[in-house]
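Quick mapping for you: the protein sequence lines, in order, are chains A and B.
Going by the numbering used here, the first sequence opens with residue 1, and the numbers climb by one from there.
Going by the numbering used here, the second sequence opens with residue 1001, and the numbers climb by one from there.
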Amino acid sequence: MRVFQLPDTLDSQGRRYRQILNVFLWILLGTVIVFGLIQFIPPVNLEDGFLYSVVFSFAFGAMLIVLLWLNSRTSIPVNIISLVFLALLTLGIGLSDAPEHMVDGRSSMVWAIPIIISAAILPWWGVYATAGMGGLLFSILTYTIPDRLYPNPFALFNLLILAFLAWVIAAIQTRSIRDAGREAANRQAVLEGMSDGVVVYDANRDILSLNQAGSSMADNETLAGIVVGEQSTYSAPDGRVFSISRSPVEGVGTVAVFRDETRRVEVARAKDSMLATVSHELRTPLASISGYSEMMRDMLVDDPQMSKMAGRIFSNASRLRALVSDLLDRAQIEAGNIRIRPNPYNIRDVLAEVDAVMRGLAEDKNIDLNFVCDDSVPSEIVGDSGRVHQILINLVGNAVKFTDGGLVTVRAVCVDDTLLLDVSDTGCGIAPAHLPDIFQPFRRGSDYATRRHQGVGLGLSISKQLVELMGGSISVQSSVGHGTVFQVSLPLFIAESKTEESTK
Amino acid sequence: MKHILIVEDDHDLAELWRLAIERMGEPIQTEDKRDGRSAMDRVSEPPPPDVIILDMHLPIVHGRKIYQYVRSAKHLRNSRVVIITADRELADELNEQARDGTIVPPDGLIVKPVLVKDFQTLIKRMLD
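In structure tokens form, the structure reads like this:
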């Protein structure tokens, strides 16, 4: 299951030798069987070495089968089996022809075969041991030849050179495997140490590997169902919450990373709930402060100074009330608790309400406030009139706040299937550098630094989120010193007429 | 003389509503209850108030229950109900239910804090 793991331990190196040895044994066994069967192809020549070949094949094949069996027993060290195998191979090669052919001429090159094989199935000393065995047999065979007093020293030296070269190749190979293994082990350690679950799956949507954190999230079957799905979050039975991101990895498949968001979600939930509770609890005393100060302001007409002070308490309570509303809105948007409640309404009524709320404020600042509703806007459309009202109050409030003696115009118009609400002013405008974060919470363009105007800058971010919740968008254009235009575009749903409804 | 029942658990607010009604300068008699149980006891007995100003989050019995009772009781069919709450979510929910027809719409719905001026306008409308 774990692809990240590659062998680095002695044990796994032994397993690798065992596997390679197995491959050689099977190849040789196959060769011997074919060699043995060839002897029976007619016309069978019973005289010329037939029996010798058959017996040789049979005996050699039997020994290979024994070695295969031994190799399957992990209790027997693989190096011993390999040495026995190489000894047999050397012996087989040495006896495969007349001694004078084996110690002279080109056929002597076959001695190299066991040495090269030994590089693949034994540690560094294996090549010298095999070369030694070959040299010993080579010498013995030399002495069996009449008139030969000593083995050819160059041939023995050749064996030594061969062994050295085989050792160099084997050492390079072993080192690179070990390095790769170490690297993989490091990678594996990093993956296992991660608190994120990492799951790799292929094009067939089978899980190839997963780390410890991954396997702790769910059983493999459940996990397989999740990773290939479309969902971007996963709630584990133990209550943990994960976000899922998937990225394709060429040649492998897809890596799905499960990030544990439990703590973050808990904190966010606690924060939202606290904010909602606090906001709600703030409203009751605020209602008292605002109500009593409003009454005092109106009752103390005979004492202008006291009336003015009461008026200050009242207007500050109003500011606080607006802030609490904004904070609550934001908390609910963040928590995903806010709901859009569509109902049939007339945008002209909403414009009139906004006009009624804002007129006094605009007149105080000597602003000409205009509301224009184009004939293209149907009298009854469907949407959340309360939220549209809230957005317009925010935008018009801003326009009035940042304009001193000028013009603020609200225009409603329908273009195709879209309701466009433009709020334009002739105010101070917003510097281009500040435009990108104008919809971010707690940002208020260049004005933020000067703190000349009140508010914490939540209105625009709330408006944007509300517009998006209603499936629309909001944009802004501004030039410093000339003014700003906010445009809200909402999908237009026309209410079914009463007559249509009654015929249903 | 018109009769208004104020059901509000916050003492200061109950006093504020009473003062605001008095300041309207009309002959109105007010009476207040601070929890759901005593409000329930009061409305179940005659005489029926002309207007009931009803807070929602009340001790003992929730304002919602009282509202349901008022709307179902025959002797209160001429009483007008103004729901007044600081819980905006609840207000939204009530509005939606009123639209869906799940509940009888209240005669007035106020989310605290409210301008005294607006409160007085609403009460005046209720009494007309």
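Cβ coordinates follow ideal geometry from the N, Cα and C atoms, glycine included.
Check, Outcome
"Mark arginine 283(A) as exposed unless 16 or more other C-beta atoms lie within 10 angstroms of its C-beta, in which case mark it buried.", "buried"
"For a contact meaning CB atoms closer than 8 Å, what does valine 1016(B) contact in chain A?", "According to the sequence provided, residue 1016(B) is leucine. The question's valine does not apply to it. Simply Ala287, Ser288, Gly291, Tyr292, Met295."
"Pull the bridge partners of aspartate 425(A) from the DSSP assignment, please.", "Val408(A), Thr484(A)"
"Rank Leu68(A), Pro151(A), Gly126(A), Ile438(A) by C-alpha distance to the C-alpha of serine 139(A) and give the top, closest one.", "Pro151(A)"
"Can you tell which of Gly49(A), Pro123(A), Ile38(A) has its C-alpha closest to the C-alpha of proline 77(A)?", "Pro123(A)"
"Check histidine 1003(B) in the structure and name its three-state DSSP category.", "strand"
"Given a limit of 9 Å on CB to CB distance, which residues of the region 1017-1028 of chain B reach chain A?", "Trp1017, Leu1019, Ala1020, Arg1023"
"Can you find at least 3 beta carbon pairs, one from the region 458-472 of chain A and one from the region 1019-1038 of chain B, that sit closer than 8 Å?", "no"
"DSSP beta-bridge partners for proline 491(A)?", "Thr418(A)"
"Count the other C-beta atoms from every protein chain shown that fall within 10 angstroms of the C-beta of serine 446(A), then say buried if there are 16 or more, exposed otherwise.", "The predicted model places serine 446(A) with a pLDDT of 48, which falls under 50 and marks its position as unreliable; any figure quoted below should be read in that light. With fewer than 16 other Cβ atoms within 10 Å, it is exposed."
"Could you check what DSSP says for threonine 450(A) in three-state terms: helix, strand or coil?", "Its pLDDT being 40, under 50, threonine 450(A) is placed unreliably in this model, and the coordinates cannot settle the point."
"Is the shortest distance between the beta-carbon of leucine 1122(B) and the beta-carbons of chain A less than 8 Å?", "no"
"Please classify leucine 466(A): does DSSP put it in a helix, a strand, or coil?", "helix"
"Leaving out five residues before and five after serine 489(A) in sequence, what residues of the same chain have Cβ atoms less than 6 Å from its Cβ?", "Thr418, Leu420, Gly472, Ser473"
"Identify which residue in Met1056(B), Ile1060(B), Arg1018(B) has its Cα closest to the Cα of proline 1106(B).", "Met1056(B)"
"Name the one or two DSSP bridge partners that glutamate 1031(B) has.", "Leu1005(B)"
"Taking its Cβ as the centre, do 16 or more other Cβ atoms sit within 10 Å of histidine 280(A), making it buried, or is it exposed?", "buried"
"Taking Cβ to Cβ, would you say valine 377(A) is nearer than 8 Å to isoleucine 340(A)?", "no"
"Looking only at its chain, what residues have a beta carbon closer than 8 Å to the beta carbon of tryptophan 26(A), apart from the 5 residues adjacent to it on each side?", "Leu68"
"Could you check if arginine 319(A) is buried or exposed, using at least 16 other CB atoms within 10 Å of its CB as the buried criterion?", "exposed"
"Can you give the Cα-Cα distance for glutamate 1031(B) and aspartate 355(A), rounded to whole angstroms?", "37 Å"
"In terms of residues, what are the limits of the beta strand (DSSP E) holding glutamine 390(A)?", "It is not in any beta strand (DSSP E) - glutamine 390(A) instead sits in the alpha helix (DSSP H) that spans 385-401."
"Can you tell me where the alpha helix (DSSP H) holding glutamine 188(A) begins and where it ends?", "153-193"
"Which two residues bound the contiguous beta strand (DSSP E) that contains tyrosine 201(A)?", "197-201"
"Which residue wins for smallest C-alpha separation from histidine 1005(B), given the options Tyr1069(B), Arg1125(B), Lys1065(B), Ser1079(B)?", "Correcting the residue type first, residue 1005(B) is leucine in the shown sequence and not histidine. Leucine 1005(B) has its Cα closest to that of Ser1079(B), out of Tyr1069(B), Arg1125(B), Lys1065(B), Ser1079(B)."
"Taking only beta-carbon atoms, is leucine 1115(B) less than 8 Å away from chain A?", "yes"
"If we count the other Cβ atoms within 10 Å of its Cβ and call it buried at 16 or more, is tyrosine 1067(B) buried or exposed?", "buried"
"Give me the subset of the region 1095-1116 of chain B whose CB atoms are less than 9 Å from a CB atom of chain A, sorted by chain position.", "Asn1095, Glu1096, Arg1099, Val1111, Lys1112, Pro1113, Val1114, Leu1115, Val1116"
"Just to confirm the assignment, what range does the beta strand (DSSP E) spanning leucine 458(A) have?", "Careful: leucine 458(A) lies outside any beta strand (DSSP E) and carries neither H nor E."
"Which runs of the alpha helix (DSSP H) spanning at least 4 residues fall entirely within the region 97-140 of chain A, listed in chain order?", "99-103, 112-121"
"DSSP beta-bridge partners for glutamine 477(A)?", "Val485(A)"
"Using the beta-carbon count (16 or more within 10 Å), is glutamate 528(A) buried or exposed?", "Chain A is shown only over 1 to 504; residue 528(A) falls outside these bounds and no answer can be derived."
"For chain B, is any of its Cβ atoms less than 8 Å away from the one on leucine 328(A)?", "yes"
"At what residues does the alpha helix (DSSP H) containing serine 364(A) begin and finish?", "Going by the sequence as given, residue 364(A) is aspartate instead of serine. Element bounds for aspartate 364(A): 347-364."
"How would you label arginine 451(A), buried or exposed, when you count the other beta carbons within 10 angstroms and need 16 or more for buried?", "The predicted position of arginine 451(A) is uncertain, since its pLDDT is 41 and thus under 50; no value can be drawn from it."
"Give me the subset of the region 331-354 of chain A whose CB atoms are less than 7 Å from a CB atom of chain B, sorted by chain position.", "Arg341, Asn343"
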